[in-house]
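Since the structure comes first, as structure tokens, the remarks are kept for the end.
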Amino acid sequence: MAIPLVDLQAQHRNISDDVNAVVADIMQRAQFILGPEEELFEEEFAAYCGAKHCIGVASGTEALHLALRAVGVGLGDEVITVANTFVATGYAIAYTGATPVFVDVDPTDYNIDVNLLEAAITPRTKAIAPVHLYGQPARMAEITELAAKHGLRVIQDACQAHGATYRDERLGALGDAACYSFYPSKNLGAYGDGGAIVTNDDELDQQLRLLRNYGQRAKNDYVRLGYNSRLDTLQAAILLVKLRRLDEGNERRREIARLYGELLADGPVQLPVERDDARHVYHLYIVQHAERDRLAQHLNEQGVGNGIHYPTPLPHIPLFHGTRQVPDGVPVAAGLCERILSLPMYPELTDDQVRQVAEAVASFATVPAVS
Ligand SMILES: Cc1ncc(COP(=O)(O)O)c(C=O)c1O
Numbered sequence: 377m378a379i380p381l382v383d384l385q386a387q388h389r390n391i392s393d394d395v396n397a398v399v400a401d402i403m404q405r406a407q408f409i410l411g412p413e414e415e416l417f418e419e420e421f422a423a424y425c426g427a428k429h430c431i432g433v434a435s436g437t438e439a440l441h442l443a444l445r446a447v448g449v450g451l452g453d454e455v456i457t458v459a460n461t462f463v464a465t466g467y468a469i470a471y472t473g474a475t476p477v478f479v480d481v482d483p484t485d486y487n488i489d490v491n492l493l494e495a496a497i498t499p500r501t502k503a504i505a506p507v508h509l510y511g512q513p514a515r516m517a518e519i520t521e522l523a524a525k526h527g528l529r530v531i532q533d534a535c536q537a538h539g540a541t542y543r544d545e546r547l548g549a550l551g552d553a554a555c556y557s558f559y560p561s562k563n564l565g566a567y568g569d570g571g572a573i574v575t576n577d578d579e580l581d582q583q584l585r586l587l588r589n590y591g592q593r594a595k596n597d598y599v600r601l602g603y604n605s606r607l608d609t610l611q612a613a614i615l616l617v618k619l620r621r622l623d624e625g626n627e628r629r630r631e632i633a634r635l636y637g638e639l640l641a642d643g644p645v646q647l648p649v650e651r652d653d654a655r656h657v658y659h660l661y662i663v664q665h666a667e668r669d670r671l672a673q674h675l676n677e678q679g680v681g682n683g684i685h686y687p688t689p690l691p692h693i694p695l696f697h698g699t700r701q702v703p704d705g706v707p708v709a710a711g712l713c714e715r716i717l718s719l720p721m722y723p724e725l726t727d728d729q730v731r732q733v734a735e736a737v738a739s740f741a742t743v744p745a746v747s
């Protein structure tokens with residue numbers, strides 16, 4: 377039997393009764409925009425993240441865009457982020473009129489290399505947007521310390537890190553804000569697009585509520601240029617159902633990662649490393665191999681789903697060629713982009729399926745190279 381990279385149908389089968397009930401209820405009440413479930417979800421997700429406020433928005437991309445705008449990032453500013461991330465991190469910065477500056481990654485945890493951060497700061501730098509890539513938090517202590525030293529704001533891209541902790545703390549209270557995506561395949565995913573910002577900052581909370589809803593303070597009272605960027609009541613209600621299962625799902629992801637680790641300890645791929653100060657939630661399980669494309673083809677032939685997250689460092693994407701490039705480039709990210717491969721990872725994956733994936737990966741060692 378083929379094993380997909382992600383299996384959302386298996387997930388739905390486990391929760392369909394609960395999801396169908398809340399959807400039917402909202403359909404009947406026809407409260408689709410900013411209904412009570414949206415408020416309740418915001419309350420529960422803020423508490424879950426260890427933060428005072430949560431503001432539901434239309435997507436993770438919008439969460440980043442609006443959070444950057446809310447802290448005053450705009451035309452002429454620079455925002456430092458990381459070279460290996462989803463394109464939306466760079467887009468969100470560019471939407472504000474600011475220039476993204478992409479810093480190289482640490483080869484062990486694939487997150488922003490904090491030793492390169494200070495050299496990337498200029499008088500135009502307004503914020504740092506670290507990404508907790510694949511589900512492992514970036515080194516937030518070094519990042520927030522440097523930000524404080526230079527008077528910079530910190531907007532976290534936590535779109536892949538629902539429930540992850542850094543030094544035993546959830547990410548909500550770190551930096552100025554943390555931005556989440558509820559894209560369906562995320563650890564906490566909606567049945568469509570969705571996102572949220574969590575923050576402890578009352579002023580940011582107020583600005584974000586304006587920004588997501590046309591800049592309205594009250595009905596027809598427009599106080600700043602805002603957007604139509606709200607989280608649907610239907611999505612919020614489904615997210616409430618799924619939030620109650622998030623910890624269990626993350627725990628299962630960690631078990632699967634442990635099992636992959638045991639089964640693939642002798643090669644042929646390089647395995648992910650969990651830092652001591654971070655609790656990884658394995659949104660993606662990334663391995664490395666020098667012949668990545670051939671390994672991917674081998675896995676496809678064995679019916680094992682796989683993916684590349686991501687194939688190109690952001691500063692190498694033509695759209696971003698005009699941004700200010702750091703002098704030494706991003707050689708670590710560029711090398712990783714050639715070698716990384718994502719293996720199936722989702723809580724419904726059974727131990728037998730994990731073994732099947734590991735066997736398919738291990739058998740690659742015996743596949744003769746094409747001359
Ligand atoms: C690291 C990262 N940043 C930003 C986003 C954008 O989120 P969305 O797809 O909800 O707009 C995603 C996910 O797609 C992501 O993985």
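For reference, each letter of the sequence shown is one residue, going 377 to 747 in my numbering. Glycine residues also receive a C-beta, built at the ideal position from the N, C-alpha and C atoms. All values reported here derive from a predicted model rather than from experimental measurement.
Figure out for me which residue from the options has the closest Cα to the Cα of residue i.
{"i": "residue 617", "options": "719, 416 and 407", "result": "416"}
{"i": "residue 731", "options": "692, 653, 639 and 723", "result": "639"}
{"i": "residue 475", "options": "452, 406, 485 and 464", "result": "452"}
{"i": "residue 434", "options": "410, 405, 689 and 649", "result": "410"}
{"i": "residue 485", "options": "515, 558 and 500", "result": "515"}
{"i": "residue 518", "options": "488, 500, 545 and 509", "result": "488"}
{"i": "residue 615", "options": "569, 493, 378 and 381", "result": "569"}
{"i": "residue 534", "options": "511, 549 and 525", "result": "511"}
{"i": "residue 665", "options": "589, 740 and 560", "result": "740"}
{"i": "residue 711", "options": "725, 564, 677 and 686", "result": "686"}
{"i": "residue 693", "options": "726, 461 and 383", "result": "461"}
{"i": "residue 408", "options": "623, 719, 613 and 736", "result": "613"}
{"i": "residue 497", "options": "473, 527 and 633", "result": "527"}
{"i": "residue 633", "options": "558, 588 and 727", "result": "727"}
{"i": "residue 704", "options": "672, 493 and 564", "result": "493"}
{"i": "residue 563", "options": "706, 390 and 657", "result": "657"}
{"i": "residue 391", "options": "713, 622 and 699", "result": "622"}
{"i": "residue 701", "options": "589, 382, 455 and 598", "result": "455"}
{"i": "residue 441", "options": "471, 708, 707 and 425", "result": "471"}
Do residue i and residue j have their C-beta atoms closer together than 8 Å?
{"i": "residue 329", "j": "residue 647", "result": "A question about residue 329 goes unanswered here, because the residues of the chain that appear run from 377 up to 747."}
{"i": "residue 697", "j": "residue 537", "result": "no"}
{"i": "residue 609", "j": "residue 418", "result": "no"}
{"i": "residue 457", "j": "residue 490", "result": "no"}
{"i": "residue 636", "j": "residue 734", "result": "yes"}
{"i": "residue 379", "j": "residue 681", "result": "yes"}
{"i": "residue 576", "j": "residue 439", "result": "no"}
{"i": "residue 627", "j": "residue 387", "result": "no"}
{"i": "residue 607", "j": "residue 572", "result": "yes"}
{"i": "residue 532", "j": "residue 566", "result": "no"}
{"i": "residue 467", "j": "residue 437", "result": "yes"}
{"i": "residue 736", "j": "residue 678", "result": "yes"}
State the start and end residues of the unbroken alpha helix (DSSP H) segment that holds residue i.
{"i": "residue 674", "result": "668 to 677"}
{"i": "residue 584", "result": "578 to 587"}
{"i": "residue 480", "result": "Counting along the chain, residue 480 falls outside any alpha helix (DSSP H), and DSSP gives it neither H nor E."}
{"i": "residue 502", "result": "That residue, residue 502, is in no alpha helix (DSSP H); its beta strand (DSSP E) goes 501 to 504."}
{"i": "residue 699", "result": "Here residue 699 belongs to no alpha helix (DSSP H), and DSSP marks it neither H nor E."}
{"i": "residue 412", "result": "412 to 425"}
{"i": "residue 393", "result": "384 to 405"}
{"i": "residue 516", "result": "516 to 526"}
{"i": "residue 608", "result": "Neither: residue 608 is in no alpha helix (DSSP H) and is coded neither H nor E."}
{"i": "residue 471", "result": "463 to 471"}
{"i": "residue 437", "result": "436 to 446"}
{"i": "residue 601", "result": "Segment: none, residue 601 is in no alpha helix (DSSP H) and carries neither H nor E."}
{"i": "residue 621", "result": "From DSSP, residue 621 is part of no alpha helix (DSSP H); its letter is neither H nor E."}
{"i": "residue 493", "result": "493 to 496"}
So the beta strand (DSSP E) residue i belongs to, where does it begin and stop?
{"i": "residue 430", "result": "429 to 433"}
{"i": "residue 661", "result": "661 to 664"}
{"i": "residue 713", "result": "Where residue 713 is concerned, there is no enclosing beta strand (DSSP E), although the alpha helix (DSSP H) it sits in stretches over 707 to 715."}
{"i": "residue 569", "result": "Careful: residue 569 lies outside any beta strand (DSSP E) and carries neither H nor E."}
{"i": "residue 593", "result": "592 to 594"}
{"i": "residue 737", "result": "Not the beta strand (DSSP E): residue 737 falls in the alpha helix (DSSP H), residues 727 to 738."}
{"i": "residue 529", "result": "529 to 533"}
{"i": "residue 557", "result": "553 to 557"}
{"i": "residue 456", "result": "454 to 458"}
Measure the beta-carbon distance from residue i to residue j and round it to whole angstroms, keeping in mind my assumption that it falls under 8 Å.
{"i": "residue 530", "j": "residue 503", "result": "7 Å"}
{"i": "residue 670", "j": "residue 715", "result": "Not really, about 12 Å apart at Cβ, beyond 8 Å."}
{"i": "residue 654", "j": "residue 542", "result": "6 Å"}
{"i": "residue 469", "j": "residue 523", "result": "That belief does not hold up - the Cβ atoms of residue 469 and residue 523 are roughly 16 Å apart, past 8 Å."}
{"i": "residue 429", "j": "residue 645", "result": "So it is not a contact: roughly 41 Å between Cβ atoms."}
{"i": "residue 421", "j": "residue 619", "result": "6 Å"}
{"i": "residue 690", "j": "residue 459", "result": "6 Å"}
{"i": "residue 560", "j": "residue 384", "result": "6 Å"}
{"i": "residue 587", "j": "residue 593", "result": "In fact, because the Cβ distance is near 12 Å, the residues do not count as touching under 8 Å."}
{"i": "residue 713", "j": "residue 688", "result": "6 Å"}
When you compare the stretch 439 to 447 with the stretch 480 to 488, are there three or more beta-carbon pairs, one atom per stretch, that lie closer than 8 Å? no
Is the number of C-beta pairs between the stretch 388 to 397 and the stretch 548 to 562 that are closer than 8 Å three or more? no
Could you please go through the chain and list the residues whose beta-carbon is closer than 6 Å to any non-hydrogen atom of ligand 2? Among the ligands modelled here, namely ligand 1, ligand 2 does not occur.
Taking 8 Å as the threshold, find out whether the stretch 424 to 440 comes into contact with the stretch 601 to 616 through three or more Cβ pairs. yes
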